[in-house]
Amino acid sequence: MELTLAPNPLHDQPQTLNINKVATLIGENGSGKSSILHSIFKKQIEEPSGTLQLICATSGQNENFSTFFERRLTSLRSRKDISDIDFSSLFFTQKDVRFLTFLAYTFKSNGLVFNFVNNHKAFKDQVSVKLKLKISVPDTYIKMYNKTR
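Position 128 (the sequence shown) corresponds to 128 in the UniProt record's numbering; numbering is contiguous.
Encoded structure:
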């Protein structure tokens with residue numbers, strides 16, 4: 001994927017990013033990570049790529065990008081047509097990340113998350129696993145399931 005970023009407060013010339021496989025954005029607060037994510041996601045909506053899968057996670061601090069993604073999902077949900085949702089782009093909120101961490105810790109006992117938690121001094125005396133779920137299934141899914149039966 002080739003993405004051209006407009007000039008911004010951090011760089012006064014357009015910049016072109018070429019993302020071929022995996023891209024990781026690392027930088028200080030205000031360094032432009034959110035702007036790049038926003039541009040990538042916007043391009044993926046406007047010109048869907050059959051080869052790109054966009055997976056983003058947030059700590060809850062990235063309100064600009066979170067709001068943009070949430071508006072997109074709200075728009076799709078308001079039409080109650082789940083076939084319209086593009087699952088090639090996934091966005092995980094802070095709550096989702098906690099749940100994914102729980103799953104990784106619980107079900108992959110030789111994985112990186114498990115080893116990190118068990119070997120990090122901050123967690124030495126506090127490691128426990130607890131799961132509490134509230135599950136809601138939208139009517140659209142139920143109707144779709146009933147049609148296939």
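Glycine is no exception: its CB is placed at the ideal position from the N, C-alpha and C atoms. If you're wondering where the values come from, they're calculated on a predicted model, not measured in any experiment.
Between the CA atoms of residue j and residue i - distance to the nearest angstrom
i: Q146; j: P7; result: Just to set this straight, residue 146 is Asn in the shown sequence, not Gln. Roughly 51 Å separates the two Cα atoms.
i: G27; j: L10; result: 12 Å
i: D96; j: V113; result: 15 Å
i: R98; j: K130; result: 12 Å
i: F107; j: S78; result: 35 Å
i: S136; j: R71; result: 20 Å
i: G32; j: T24; result: 13 Å
i: E46; j: L17; result: 17 Å
i: R149; j: D12; result: 58 Å
i: F116; j: Q94; result: 19 Å
i: T74; j: N110; result: 38 Å
i: G30; j: H120; result: 29 Å
6 Å Cβ shell around residue i - same chain, five flanking residues per side excluded
i: Q15; result: L5
Identified DSSP bridge partners for residue i
i: L5; result: Q15
Reference residue i; option with closest CA among the options
i: I36; options: L3, D12, T74 and K108; result: L3
i: K42; options: M1, K21 and K143; result: M1
i: V22; options: I40, E46 and A104; result: I40
i: L103; options: N20, S75, M144 and L133; result: L133
i: Q44; options: N110, P138 and I19; result: I19
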